[in-house]
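Enquirer: The structure follows.
Residue numbers (the numbering used here): 12 to 365.
Set out below in structure tokens:
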């Protein structure tokens, strides 16, 4: 669905209003888009924000990574007929969702990151509560991890499924967990540090299974790393203001580009400053764009019932598709499956085996 968000922000709103629209590019990665846009404006304007604001941005981005990966893990379990994984992952996720709402006032689209800093501070009380939430999530995620690692039925549905090589992943410019599951060692947080990531110690999980199973492993490990980063940020966070005054009268025709590692992969915002306190040009590249390019190659030589989990493995963010067309390459016969029928085929395969 084309919503015209870029054009809207180039014609109707000011620099300070764009972050709230940018958050609505994706309902799951809202802070990522608000941060990437805000960083681009700050670079163009020559604005340096406070270190405390950068730490709070880091915490918000990793909170999003935790709840996004847990959401994906649940959906992946559902797609292959393992609703226990779905229910447990979403149960664990709920605690970080409740905390996000308490911190920002919103369950999602937090409205936290703006040009010049952040809108709300993290008090000592909130810090202590977040540490408790992280401890619980870490403990319960370990249980889920062990159950997934040891489940041979899950292995059969994910190992060797959606295979493409490391070279193909590079050729298609895949990003995020999808690329790292194919042995491509990239992560914007480490490679091009922003916010407070230059002061964080963390590992970038990379596996070379080159299949759907690899994306499961990478996302689980990344969730643990996100918890580690949040703890470090809470421990090291300096004092100081959370907002720096921003004069919207930015010199026109300045260019800036900002990259942020979203849960799905690298998000890029390109900006040209304009007149009337708004961008002349704002261009967004979300990770679904490059990752979708590799999906046709992932589908080759796999069974039709594997289609939902292969597409789902990239965690796509696009409009719902209510039907799929199936063409028999030998007879040319065409049949149509609804989304529900395709999902049922995928879930039933659990019982049929491979």
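Glycine included, C-beta positions come from ideal geometry on N, C-alpha and C.
#1: So what's residue 290 in DSSP terms, helix, strand or just coil?
#2: Can you give me the Cβ contacts of residue 365 inside the same chain, cut-off strictly under 6 angstroms, excluding the 5 residues immediately before and after it?
#3: For the alpha helix (DSSP H) that contains residue 149, what are its first and last residues?
#4: If you check the beta carbons only, do residue 68 and residue 46 fall under 8 angstroms apart?
#5: Within 10 Å of its beta-carbon, does residue 73 have 16 or more other beta-carbons around it, so buried, or fewer, so exposed?
#6: So, do the stretch 202-213 and the stretch 167-185 have three or more beta carbon pairs nearer to each other than 8 angstroms?
#7: Expressed to the nearest angstrom, what Euclidean distance is found between the alpha-carbon atoms of residue 340 and residue 346?
#8: Can you pull the DSSP bridge partners for residue 283?
#9: Where do the N-terminal and C-terminal ends of the beta strand (DSSP E) with residue 347 fall, by residue?
#10: Can you name, in chain order, every residue of its own chain whose Cβ lies under 6 angstroms from the Cβ of residue 324, other than the five neighbours on each side?
#11: Go to residue 19, then tell me how far its alpha helix (DSSP H) extends in each direction, as first and last residue.
#12: Would you check if the distance between the CB atom of residue 245 and the CB atom of residue 267 is smaller than 8 angstroms?
#13: Please say whether residue 143 and residue 275 have beta carbons closer to each other than 8 angstroms?
#14: As a quick exercise: from 307, 264, 304, 141, pick the residue whose alpha carbon is nearest that of residue 77.
#15: Cα-Cα, which of 88, 29, 26, 18 is closest to residue 231?
#16: Rounded to whole angstroms, how far is the Cβ of residue 377 from the Cβ of residue 221, which I believe are closer than 8 angstroms?
#17: Distance check for residue 342 and residue 235, CA to CA, integer angstroms please.
#18: Note down, in chain order, each residue of its chain lying with its Cβ closer than 6 angstroms to the Cβ of residue 52, except the 5 sequence neighbours on either side.
#19: Pull up the distance between the alpha-carbon of residue 307 and that of residue 288, whole angstroms please.
#20: Taking the alpha-carbon of residue 279 as reference, which of 123, 71, 107, 48 has the nearest alpha-carbon?
#21: Let me know if residue 98 comes out buried or exposed under the rule of 16 or more other beta-carbons within 10 Å of its beta-carbon.
#22: Tell me the DSSP secondary structure of residue 383 in three-state form.
Expert: According to the structure shown:
#1: The sequence position of residue 290 within the chain shown is 279, counting from 1. In the structure shown, residue 290 sits in a strand (DSSP, three-state: E or B).
#2: The count along the chain shown starts at 1 and reaches residue 365 at position 354. Summary for residue 365: the model assigns pLDDT 43, below 50, so the residue's position carries little reliability, and this model does not support an answer.
#3: For the purposes of this step, residue 149 is taken as residue 138 along the chain shown, with counting starting at 1. Here the alpha helix (DSSP H) through residue 149 covers 135-160.
#4: To locate residue 68, count along the chain shown from 1; it is residue 57. To locate residue 46, count along the chain shown from 1; it is residue 35. Yes. Within cutoff.
#5: Looking up residue 73 in the chain shown gives position 62. Per the 10 Å Cβ criterion, buried.
#6: no
#7: Against the chain shown, residue 340 aligns to sequence position 329. Against the chain shown, residue 346 aligns to sequence position 335. Taking the straight line joining both Cα atoms gives about 12 angstroms.
#8: For the purposes of this step, residue 283 is taken as the residue at position 272 of the chain shown. Residue pairing of residue 283 in beta bridges, as defined by DSSP: 266, 292.
#9: For the purposes of this step, residue 347 is identified with residue 336 of the chain shown, where counting begins at 1. From DSSP, the beta strand (DSSP E) with residue 347 extends over 345-349.
#10: On the chain shown, position 313 is the one that residue 324 refers to. Same-chain partners within the cutoff: 173, 223, 226.
#11: Your numbering for residue 19 matches position 8 in the chain shown. DSSP places residue 19 inside the alpha helix (DSSP H), whose first and last residues are 16-22.
#12: By 1-based counting over the chain shown, the position of residue 245 is 234. By 1-based counting over the chain shown, the position of residue 267 is 256. No, Cβ-Cβ distance for residue 245 and residue 267 is not below 8 angstroms.
#13: As a first step, residue 275 is located in the chain shown; it is residue number 264 there, counting from the start. As a first step, residue 143 is located in the chain shown; it is residue number 132 there, counting from the start. In this structure, residue 143 does not lie closer than 8 angstroms to residue 275 by Cβ.
#14: Taking the first residue of the chain shown as 1, we reach residue 77 at position 66. Looking at the Cα atoms, 141 is the closest of the given residues.
#15: Position 220 of the chain shown holds residue 231. The candidate whose alpha carbon is nearest that of residue 231 is 88.
#16: One cannot answer for residue 377 here, as it falls past the ends of the chain, which runs 12 to 365.
#17: Taking the first residue of the chain shown as 1, we reach residue 235 at position 224. Taking the first residue of the chain shown as 1, we reach residue 342 at position 331. Between residue 235 and residue 342, the C-alpha separation is close to 49 angstroms.
#18: Counted from its first residue, the chain shown places residue 52 at position 41. Excluding sequence neighbours, residue 52 sits near 26, 126.
#19: Numbered from 1 along the chain shown, position 296 holds the residue referred to as residue 307. Numbered from 1 along the chain shown, position 277 holds the residue referred to as residue 288. Rounded to whole angstroms, residue 307 to residue 288 spans 42 angstroms at the Cα level.
#20: Start at 1 with the first residue of the chain shown, and residue 279 comes out as number 268. Nearest C-alpha to residue 279: 48.
#21: As a working mapping, residue 98 is identified with position 87 in the chain shown. With fewer than 16 other beta carbons inside 10 angstroms of its own, residue 98 counts as exposed.
#22: Any property of residue 383 remains undetermined from this structure, which presents the chain solely from 12 to 365.
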